[in-house]
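Residue 1370 is where the sequence shown starts when you use the working numbering, and the numbers rise one by one after that. Just so you know, even glycine gets a beta-carbon here, dropped at the ideal spot from N, CA and C.
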Amino acid sequence: MIKVGLVGYGFMGKMHSQCYAASGKASVVAVADVEADRRAEASSKLGCKTYANLDHLLDDVEVDAIDVCTPTYLHEENVLTALKSGKDVFCEKPLSLTNESCDRIVSAAKSAGRKLMVGHVVRFWPDSLVLKPVLDSGRLGRPLWATASRLSAPATWAWQGWLSDPKRSGGAILDLHIHDLDFLAWILGRPSKVVAAGIKTATGAYDTAFTTLIGHSSGATSQAVGCLAMPEGFPFTSRMLIVCEKGSILFDATGSPSLVIRPSGGADEFPTIPEPQVGSVEAGGNVSSLGGYLNEIIYFLDCILEDKQPAMITPEDAGFAVRLCLAATQSAETGMPVSV
């Protein structure tokens, strides 16, 4: 049983703790959080030791891995501390706020010889695990273009409103839009150029972004819209359409079925989506299913057990996702394409 130390017991930390319990491969033996009430909640619910910070946790309890679920602006500090202590690390996305910070983290992971995995959960979503093999098989021909959208009302559940502060979260582009930019780069190949526009909040950050990724290595072009400012009561939605030479793939998180494969001249296909049975989300927020979160946690644990580096999402991939987001922000600011 892998012993995990969890840093940050907010919305995401609670979801991760639920996934570790469901995995059957790990247990959360310690939690670090700056808030005393959260430490008390973790102690009561998980039956684990609690600490005010990661340093105190590492000094007092033996763990195999550290899971970083703090706000983004604290990622680098906590990941570097965990790596320096010789632990394998899971870090929530985005990896960090700047390209330079990402580079430091990636370099530290290589120097430490430890496993570092970043939680780009859309790669592990049950539909994604069906969609990508269909695309990779080539039976629909080469991908030509794709569109994606991810829309949400403002994140009111965040600790001390950190998600609404661009200096701490990077704004909607780095926190929300990054999901689709990373996924498009994963399934279509890395793009060479980014063109974007957006709508700003009063804080000067973008809460809505429209991004075109040009020159994917597959030859495709893609577009994505991300909005973290939908009207109150608007349900979270995520959709994607991929058009290929000989058919298309449609994903709609709220659809039934959620995934439709349409071969040219053939009947629509509705593949069975394997959904892990992990119960309902207990942490609140805008997540309705733990399926993808459990999948990524189990993958991380298997990498530790099998002593292999995470290949489904490498640290370099996570750094490139941040690079795409910062390029989109730069393009929106300047009105010019940005090479990546």
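Put Arg1483 into one of helix, strand or coil per three-state DSSP.
coil
Reference Asn1447, options Asn1422, Asn1468, Lys1462 and Glu1469, closest by Cα
Asn1422
Host beta strand (DSSP E) of Cys1715 (start-end)
Any question about residue 1715 goes unanswered here, given that the chain covers just 1370 to 1709.
When you compare each of Lys1383, Ala1411, Leu1504 and Lys1484 to Ile1630 by their alpha carbons, which one comes out closest?
Leu1504
Can you list the beta strand (DSSP E) stretches of 3 or more residues lying completely in the stretch 1450-1477, in chain order?
1457-1461
Status (buried if at least 16 other CB within 10 Å, exposed otherwise) for Ile1673
buried
Would the beta-carbon of Pro1560 fall within 7 Å of that of Gly1584?
yes
Are the CB atoms of Lys1372 and Val1432 nearer to each other than 7 Å?
yes
Excluding five sequence neighbours on each side, which residues of the same chain lie with their C-beta closer than 6 Å to the C-beta of Gly1382?
Leu1375 and Cys1438
Note down the Cα distance separating Asp1686 from Cys1417, rounded to an integer number of angstroms.
33 Å
Is the CB-CB distance between Glu1507 and Glu1614 below 7 Å?
Position check: residue 1507 holds Gly in this sequence, whereas Glu was assumed. No.
Taking the C-alpha atoms as reference points, what is the distance between Thr1580 and Thr1606?
18 Å
Spatial neighbours of Lys1394 in its chain, beta-carbon cut-off 8 Å, leaving aside the 5 residues before and after
Met1370, Ile1371, Ile1667, Leu1670, Asp1671 and Leu1674
Helix, strand or coil at Val1563 according to DSSP, with G and I counted as helix
strand
Quick check on DSSP: helix, strand or coil for Ser1392?
helix
Taking the straight line between their C-alpha atoms, what separation do you get for Ile1435 and Asp1549?
26 Å
Backbone CA spacing between Glu1702 and Tyr1575 [nearest angstrom]
10 Å
Beta-carbon proximity list for Pro1719, same chain, < 6 Å, skipping 5 on both sides:
Beyond the ends of the chain as shown, which are 1370 and 1709, falls residue 1719; an answer cannot be given.
What span of residues does the beta strand (DSSP E) with Asp1621 cover, start to end?
Gly1616 to Asp1621
Are Gly1688 and Cys1471 closer than 7 Å when you measure CB to CB?
yes
Is the Cβ-Cβ distance between Val1691 and Leu1464 less than 7 Å?
yes
In chain order, what residues of the same chain have a beta carbon less than 7 Å from the beta carbon of Tyr1389, not counting five sequence neighbours either side?
Val1373, Ala1395, Ser1396, Val1397 and Ile1666
Considering Cα atoms alone, identify which of Ser1454, Ala1409 and Arg1407 is closest to His1425.
Ser1454
Assign Gly1382 to one of three DSSP states: helix, strand, or coil.
helix
May I have the straight-line CA-CA distance separating Gly1660 from Ser1497, to the nearest angstrom?
11 Å
Extent of the continuous beta strand (DSSP E) run through Asp1436:
Ala1434 to Val1437
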